[in-house]
Amino acid sequence: MDLAFTQEEEAFRAEARAWLAAHVPGAALPSLETAEGFAAHRAWEAELAADRWSVVNWPVEYGGRGADLVRWLLFEEEYWSAGAPGRVGQNGISLLAPTLFDHGTEEQRARVLPSMATGEVVWAQAWSEPEAGSDLASLRSRARRTDGGWLLSGQKTWSSRAAFADRAFGLFRSEPDLPKPHQGLTYLMFDLRAPGVTVRPIGRLDGKPAFAELFLDEVFVPDEDVIGEPGQGWRIAMSTAGNERGLMLRSPGRFLAAAEALRTLWTDRGSPRHEEDRVADALIGARAYQLFTHAAASRFLEGDPLGAESSLNKVFWSELDLALHETALDLLGEEGEFADTPWSEGYVFSLAGPIYAGTNEIQRDIIAERLLGLPKGRR
Amino acid sequence: MDLAFTQEEEAFRAEARAWLAAHVPGAALPSLETAEGFAAHRAWEAELAADRWSVVNWPVEYGGRGADLVRWLLFEEEYWSAGAPGRVGQNGISLLAPTLFDHGTEEQRARVLPSMATGEVVWAQAWSEPEAGSDLASLRSRARRTDGGWLLSGQKTWSSRAAFADRAFGLFRSEPDLPKPHQGLTYLMFDLRAPGVTVRPIGRLDGKPAFAELFLDEVFVPDEDVIGEPGQGWRIAMSTAGNERGLMLRSPGRFLAAAEALRTLWTDRGSPRHEEDRVADALIGARAYQLFTHAAASRFLEGDPLGAESSLNKVFWSELDLALHETALDLLGEEGEFADTPWSEGYVFSLAGPIYAGTNEIQRDIIAERLLGLPKGRR
Amino acid sequence: MRFLLDVEQRAFAASLDAMLTAADTPSVVRDWSRGDHTSGRALWSRIAEAGVFSLAVEEKYGGMGLRPVELTVAFIELGRHAVPGPLVETVAAAVLLDGLDEACRAERLLPALASGASVATFTTGRYALDADMADVLLAVADPCTAVPGPPPAATLYVTPPPDHPEGPPTPADRPSRLPHTTADPPTRARHPAAPVPHPATSAPQPPAPAPHPPAPNSPPPGPNSHPPAPVPPPPASTPQPSPSAPQPPTPAPHPPALVPHPSASTPPTPTSASAPAPTPTSPSPTNPPHPSLDPARRLFPLPPGGDPLPTSPQVSEAAARALLLARLATAAQALGVGVALLDKTVAYVKQRTQFGVPIGSFQAVKHRLADAKIALEFARPLLFGTALTLSPGDVAAAKVAACEAAYRTARTALQLHGAIGYTAEYDLSLWLTKARALRTAWGGPRTCRALVLSGGGRRW
Amino acid sequence: MRFLLDVEQRAFAASLDAMLTAADTPSVVRDWSRGDHTSGRALWSRIAEAGVFSLAVEEKYGGMGLRPVELTVAFIELGRHAVPGPLVETVAAAVLLDGLDEACRAERLLPALASGASVATFTTGRYALDADMADVLLAVADPCTAVPGPPPAATLYVTPPPDHPEGPPTPADRPSRLPHTTADPPTRARHPAAPVPHPATSAPQPPAPAPHPPAPNSPPPGPNSHPPAPVPPPPASTPQPSPSAPQPPTPAPHPPALVPHPSASTPPTPTSASAPAPTPTSPSPTNPPHPSLDPARRLFPLPPGGDPLPTSPQVSEAAARALLLARLATAAQALGVGVALLDKTVAYVKQRTQFGVPIGSFQAVKHRLADAKIALEFARPLLFGTALTLSPGDVAAAKVAACEAAYRTARTALQLHGAIGYTAEYDLSLWLTKARALRTAWGGPRTCRALVLSGGGRRW
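Residue numbers (our numbering), protein chains in the order written: chain A, 1 to 379; chain B, 380 to 758; chain C, 759 to 1218; chain D, 1219 to 1678.
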């Protein structure tokens, strides 16, 4: 058991650190959830990609460095510690790309991944529908067979990034009359600017259009944009949920950096003892999350599959993130109410954590039933 | 809307205060959960009763002062504020007596109440059974008809005070084959020293025998010790649960005194700012509980029935009491672990709060279904 | 002891509720958030007509005398309907102005506040709520938490000078208009010191109809009707908080000031200052407002200058009393916000289905809502107890309990609504964000808990 | 980076688990709680045979060198089985004695600690755990939190004098018995300062079979076999904490002392003191022990006197290191306690039915257990990360996380068991009460959180 890194790994870390020190913008970019900020973040993706830092764990042929999980973790620590911007390409990189690596064709990878790595094409996810939230399998949007492809119709919602993104991916019901709701779904990619697509941005609590509704009316998608076999979408979408993608959803480096920023804020405010508990708990939580991830990565590198612990992970980071930002707002006193600070932007974002990617209620059900073996109830 | 007391009420309060100042023992009595402490507390009941302070809200004929709810609240505030001992007669006074007032016969009241008021007879409750905890209606102990009375058989448990008490009261199944579990139960009083009764004291977490198991083998109970109609026990037991008995289960004065003691402890420990939140919240909670009770008493005095708000009450005081004692132990530092302090005795007692008198889980179900109107689930 | 609202108080709540329900407050909030105060000013007038502001104004100035219980009733309803604007601040300003015992200034300003013709904002901190639409801006160093050093804790700055007769004309039919009383007017006896026991245990007068129609010669309220008004130039020596710079770790010196603001009801009478006037409806460019997490709130750094009052025990006392009322009203508003959030969420979970059943049948959902209910129901008696005692410790306790209950309910409401609750366009957001903002307004949990503890050991 | 236990470490855990399962630890705990240490000493020997104490003793004294990872593995298992006794304290005492670099004393005491022939207790506070059955009592002012003033923070008192050859004889066959090395022995280089990086990244030696059978000439352990031993008279000038008086608000001066205790393995060699000896198996009447909420723990006020060591940086360093290891071992023990509580509760809710179904099918029950699982699973990697770095901040973080997770799990376990869990006779109580006691032992949450924050900004 050790936490030591090899000389090569440390060299990789040092290279990342040096590059970031030279390139990270001195001032924070405008909010990712605005048109201006989206463009600025897209440009930052290109800058990262130019030196192969946008997707370090991808193969070199698609713009990556072929970095293993350890290097990815080190890169992420350096990235967030350097105060680098949020990643506008995150949806594509951490949700779509792993699926393409596992289930896509060589042609799809060659066509989709390089432009994803540079930020030239930014991807939105299109999972949820108005009646399918926690009960994701109850999707109603349709994919109907047509010559050389499929026609998509229906409504998607909570499509993050879709207000400004280029393309989207999601599940559509291609065989509507099967007995179980997760049967007969097909995994497709489509263009947000294709005929028949209407994007209606939705403002989140602070009004910024962090996601959108998508109205789809006979939107043509060629066969080449189906991932895997038609009708197998649920299995395909779920099969990568338990691999390292789960680890990569929210990187430890992000919380370590946020916890250190909180400690700095606390110190700047005179180290009030009455907030000591919560600041210390943020630091402890971030360190625990880092080491939990190291342990999971070590198991993964030994060939163990990662499974229901991703539910532990989800509840933990989302509650940590929210508590951390609530503490920061409290430290800010009467200015904690201001909407124009990085802390309040982070707070609004953190409020979504317990809801998206499977509500924390669903995750606790999964922990109880799959990890603890408790009997299924009606919930 | 006012919180003012009449001159007569203030005079009553002053009289109580003066009496308590003259009579409350200077040193704490030994723990109520020991034989020695039980005897000392029984003697204290007699001392209270000698000057008619043991059951102020009872009619004069049974040893009380006919005090109304407002005077009762004032007395309780004075009582706990004076640091007076815990009440060994509590089970009888707050659980059995209200039932006798509503459902007992004149003969029963005359026979039972005076000795209850003096502590000469201390009563234990005998509700729970090994398989009937939260699901109280699923009682199995039997009352079988015999000449001039009933024969009780079965097992009761978590019978508080039973290790040292004289008599007990509870529900027994007298008609075993009825379709619903709460039908065919009979409310009976019985002697803990009667033939066929075996009392096995049970130590609580700190080893003190705070309750007992009762093994009943054909224990004869005369008809005069049945309360109300046979078979109507559930209705009788529940009918007084929603009246002022709910208010009197845990008096506000008790938590006000405990919160003030916590504030004193905090001050004695140098007023550490890092515990400010929890100490303040104990004070706020005790004050809120007091005023909530005042509001409930005011409604009751206007003739409104008290109902499901007793569930709000139960969850609130039990969590307040536990948080208050946990805070005290934390303030005590390494001595917080000691079992031989009043704070640790109180802590152990407070741990039972969320469990007894209907677990807090059951209470939350009741709040959700009866007060908020949410659909019944399978829980 | 009869710790219950009486029939009239309940009728007052019901009539406010009915009026606010009919007013479609969510659309008013959305106008307000866009900077369009037209519908908000109209609603303000109706609230004034219902008598709400009169509850904070002495009878001699056209009010009904300070009635904390009725104010609490009113602010619970205002919170339940998420009414925007400096409601709390106007009430607190009225209490302050009354307490200064300067009949001239009080007579000029209070009748218009009571009638709704004027809107005031007020702060003991560094930022004033909605200063762009208020007619009067008052600022005073927090009498409780201000750090020693200049400016002294109880210093008060006033502009325009008290002898300037520039306030909104008092309605000619005001029966309570009294001559100036400069020394200890009889009404002072009703709040000789803070804390003050509640003076009246008798039932209040029915609050409607409003005794104070808008002053007939006031211009119609509206965001574009504010004429320019003078603002004195910033003195070079006055430190201005920089909105983008990091805030200092210790409480910054409050620049206390009582200044007039570009005002609909205050004619542009020149004062001794001669600075260039800012554009009427926007704040001074050196003082851009901060948006709040609650889109209906904007927080304005204090402008420079102002009209200082000499430090005096009376000013301190009046400021302390105003702060108490501000805190009580905020707590009541927060409770109303929490109650609305609980009601809306209970309704939602009964109809939203997932996995084939209403999500309200899930035990985890039930228990979160039960906890919210408990927190709110135990905050409510604290509020009314506080309204009766007005002791600083009680007020602080009520502020903590109500605001924490409201915020906890907001967290539950958001979580149980899921993504739809996270959107600005769904009306729930108006209450969610207000619950967070009120938590820090007028003394955050830390400040209030410290006050609870500093109350000293006493019998409640 | 390979942040996983290796095969041997897992086998070590499994073998300890099997041995402790077979040992029926609940009955041992109940004996211990009654003051009967016979079964506990027997179990102690088996734990020593399994090599647990050797993991804290340098090779030259018969141990395997300090192995924090393996100690963590072992203490998780000891906690899972609620093993009673000064386990943590013996490990910490060994680390302290080694760090003093006084070969004479170390040579006399350490081999017996490693072999299980001697039991030590140790404190940096005012109370020593289970001092009635320990053979060696060490006390030192907490190097981190002691207040300035006499006694100085790093002062150490030692009795008997180091040149008294009264310790238990080292087994004759000990190959590692080395001559005294008074100046900087080579092994010191392995922990030059606190914090110390983990020296070994290679796999440890397999822990069993134990290298240290009990010393053949030690008397059989047992509560009634303690011969009288001298205790020096209390000097009049030494303040004694009064067990019944209220404790002072600020940390009281720690009376640091390193004293021998009435001991089974220490022959009654007279010391310079000549006080009347107390009865062998009970503490001095002037120092009655405090029962703990955990019935298996009794806390003894320090006896007067002792053998003072001069203050030196080396002593401070050794004490700091001993404290770190005590904290780490306590955290590991707490995690084990929490894991056992979760396992027992999960099993219980699967079989306990109410309303016709297992209570484990209720969502509220599931979610509480899920939260306990999350807390425990995130404390675990902190523990092992801490064992690798041994930095004070990491150790403090692990202590908070593990103890809070264990206490939270205990609250859940009690609530979900209901009344049966509240009884002393049900074995669950042994873990419930220990979770509470370990939370304050060796630095409560407050102390540890302050240490986390005082670590200064650094990259983890």
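Where is the CB? At the ideal position from N, CA and C, for every residue including glycine.
- In the DSSP assignment, T1630 (chain D) falls within the alpha helix (DSSP H) that extends over P1610 to H1635.
- Taking 8 Å as the upper bound for CB-CB distance, H673 (chain B) and P1139 (chain C) are in contact here, some 7 Å apart.
- For D656 (chain B), the nearest CB of chain A lies under 8 Å from its own CB, placing it at the interface with that chain.
- Beyond the five residues adjoining it in sequence on each side, R1197 (chain C) comes within less than 6 Å, by CB distance, of C1161 and Y1165 in the same chain, given in chain order.
- Around G725 (chain B), no beta-carbon contact reaches into chain D at under 7 Å, the shortest distance being about 12 Å.
- Following the DSSP letters along the chain, one finds I581 (chain B) inside the beta strand (DSSP E) bounded by residues V576 to I581.
- The C-beta of R364 (chain A) comes no closer than 8 Å to any C-beta of chain B.
- In this structure, A878 (chain C) lies away from A1084 (chain C), with their beta-carbon atoms at least 8 Å apart.
- Contacts with chain D at 8 Å (Cβ-Cβ) include G586 (chain B).
- Judged by pairs of C-beta atoms under 8 Å, the stretch 520-531 of chain B touches the stretch 595-607 of chain B, as three or more such pairs exist.
- At the C-beta level, M1219 (chain D) and A296 (chain A) stay beyond 8 Å of one another.
- Contacts with chain D at 8 Å (Cβ-Cβ) do not include G549 (chain B).
- With contacts defined as CB atoms closer than 8 Å, D514 (chain B) and F1580 (chain D) fail to qualify as a contacting pair.
- By the C-beta criterion, the stretch 1532-1547 of chain D is judged to be in contact with the stretch 1327-1343 of chain D, since at least 3 inter-stretch pairs fall below 8 Å.
- The three-state reading of DSSP puts I606 (chain B) in strand, counting E and B together.
- Under the three-state reduction of DSSP, H1508 (chain D) is assigned to strand.
- B:Q534 is the residue among B:F480, B:Q534, B:S630 and B:L557 whose C-alpha sits nearest the C-alpha of G549 (chain B).
- With respect to the C-alpha of Y62 (chain A), the residue from A:P209, A:L74 and A:E107 having the closest C-alpha is A:E107.
- The distance from the Cβ of G1096 (chain C) to that of L1134 (chain C) is about 5 Å, consistent with a contact at the 8 Å cut-off.
- Taking C-beta separations shorter than 6 Å and ignoring five residues to either side along the sequence, the partners of S494 (chain B) in its chain run V500, following chain order.
- Put simply, the CB of F1113 (chain C) is far from chain D, with every gap to its CB atoms at 8 Å or more.
- Spanning the alpha carbons of S873 (chain C) and G820 (chain C) requires a straight line of approximately 8 Å.
- S729 (chain B) and Y735 (chain B) have their C-alpha atoms roughly 10 Å apart.
- Separation of the CB atoms of V1287 (chain D) and M1 (chain A) is rounded to 5 Å, and the pair is thereby assigned contact status at 8 Å.
- Bridge partners of P601 (chain B) according to DSSP: B:G528.
- When 7 Å is used as the limit between beta carbons, A1582 (chain D) is near these residues of chain C: Q1121, A1122 and H1125, in chain order.
- Across the structure, T267 (chain A) and S31 (chain A) are spaced so that their CA atoms are roughly 26 Å apart.
- Judged by DSSP in its simplified three-state form, E15 (chain A) adopts helix.
- A residue is called buried once 16 or more other Cβ atoms fall within 10 Å of its Cβ, and D556 (chain B), having fewer, is exposed.
- Counted as a single uninterrupted DSSP element, the beta strand (DSSP E) harbouring R1516 (chain D) occupies residues R1516 to P1519.
- Annotation for A1156 (chain C): A1089, L1140, L1141 and T1144 place their beta carbon closer than 6 Å to its own, counting only its chain and skipping 5 residues before and after.
- Interface residue (Cβ-Cβ distance to chain A less than 8 Å): G1556 (chain D) is not classified as such.
- Considering only beta carbons, the part of the stretch 264-276 of chain A lying closer than 7 Å to chain B consists of R273, H274 and E276, in chain order.
- As computed with DSSP, S159 (chain A) is found in a beta bridge with A:A212.
- Excluding five sequence positions before and after T1111 (chain C), the CB atoms of its chain that fall closer than 8 Å to its own CB belong to I1117, given in chain order.
- In the structure shown, T1239 (chain D) falls within a helical segment according to DSSP collapsed to helix, strand and coil.
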